[in-house]
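Engineer:
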Amino acid sequence: MALGCLQLHGDLPAARSSAAKKEWNAERIMKLLQRNHPHSFPQSLTRTKTADGWHLEANSKPNALTFTEFKALYSKCGEILHRGTISTIEAEEPIAKPDYDEVIHWSQKVVDLLNEHVVARANGKGLYHISLKTESGVPACSVFSGFSGGTVNVATYNLEVCEGAVENHARVEDDAAA
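So for the sequence shown, this note's numbering puts the first residue at 5; every next one is plus one.
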């Protein structure tokens with residue numbers, strides 16, 4: 005997630021710095037982005053078809069992973085990954101159902117966030133709307149920009165898998181603001 009956010013916010017000078025390009029720690033990457041753009045973390049989105057087009061509502065999934073939870077999950081994963089030597093791990097209690105339940109809980113939070121989400125671009129330049137599965141069954145990213153007079157420019161990039169290769173197909177639309 006952090007690397008995706010870093011890539012998405014590549015227009016920020018801090019994201020292009022040599023320190024950012026070398027950073028591997030997800031929490032430090034997100035802190036760097038948050039300092040420069042407080043809305044750099046994805047927000048869950050619910051999209052509903054209306055008579056006039058689409059109604060988009062951010063932060064509408066109560067179970068979606070939040071930035072605070074992202075930091076807690078990253079810390080927990082680090083503790084588990086770096087918990088000791090093979091002999092200390094072998095001496096631990098075996099993994100039990102509550103451990104699996106916790107994995108399912110966290111994975112559902114990640115899915116609820118990422119299935120359909122929005123990320124604000126820096127300096128009010130627009131929004132990225134990412135759908136991992138659209139009506140056509142493939143992922144898409146829509147870039148919203150040029151908010152003016154009740155209209156917005158939307159460029160949609162549909163991901164299409166063709167015989168093992170991934171291709172992008174862009175479509176630009178002018179839609180009335182929702």
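Glycine included, C-beta positions come from ideal geometry on N, C-alpha and C.
Because the structure is a prediction, the values reported are computed rather than measured.
Rounded to a whole number of angstroms, what is the C-alpha to C-alpha distance between L7 and E94?
Structural biologist: Position 3 of the sequence shown, counting from 1, holds the residue named residue 7. Position 90 of the sequence shown, counting from 1, holds the residue named residue 94. When rounded, the distance between both Cα atoms is 33 Å.
Engineer: List the endpoints of the continuous alpha helix (DSSP H) containing I134.
Structural biologist: The residue labelled residue 134 in the question sits at position 130 within the sequence shown. I134 -> not in any alpha helix (DSSP H); beta strand (DSSP E) instead, spanning 131-135.
Engineer: Just curious, the beta strand (DSSP E) that S146 is in, first and last residue?
Structural biologist: As a first step, residue 146 must be located in the sequence shown, where it is residue number 142. Start and end: 144-152.
Engineer: Grab me the residues of A18's own chain with a C-beta within less than 8 Å of its C-beta, minus the 5 sequence neighbours each way, in chain order.
Structural biologist: Position 14 of the sequence shown, counted from the start, is the residue given in the question as residue 18. Here the set comprises A24, L36, L37, R39, N40.
Engineer: Just to confirm before moving on: does the CB-CB distance between K113 and A159 stay below 8 Å?
Structural biologist: As a working mapping, residue 113 is identified with position 109 in the sequence shown. As a working mapping, residue 159 is identified with position 155 in the sequence shown. In this structure, A159 does not lie closer than 8 Å to K113 by Cβ.
Engineer: Run through DSSP, which three-state label would W110 get?
Structural biologist: Counted from its first residue, the sequence shown places residue 110 at position 106. In this structure, W110 counts as helix in the three-state DSSP scheme.
Engineer: Taking only three categories from DSSP, how would you classify K53?
Structural biologist: The residue labelled residue 53 in the question sits at position 49 within the sequence shown. In the structure shown, K53 sits in a strand (DSSP, three-state: E or B).
Engineer: Cα separation between G14 and H43?
Structural biologist: Translated into positions along the sequence shown, residue 14 becomes position 10. Translated into positions along the sequence shown, residue 43 becomes position 39. If you take the alpha carbons of G14 and H43, they lie about 14 Å apart.
Engineer: Could you name the residues that DSSP lists as bridge partners for T138?
Structural biologist: As a working mapping, residue 138 is identified with position 134 in the sequence shown. Answer by DSSP bridge pairing: none, since T138 is not bridged.
Engineer: What are the start and end residues of the alpha helix (DSSP H) that includes A95?
Structural biologist: Counted from its first residue, the sequence shown places residue 95 at position 91. Segment 90-95, the alpha helix (DSSP H) holding A95.
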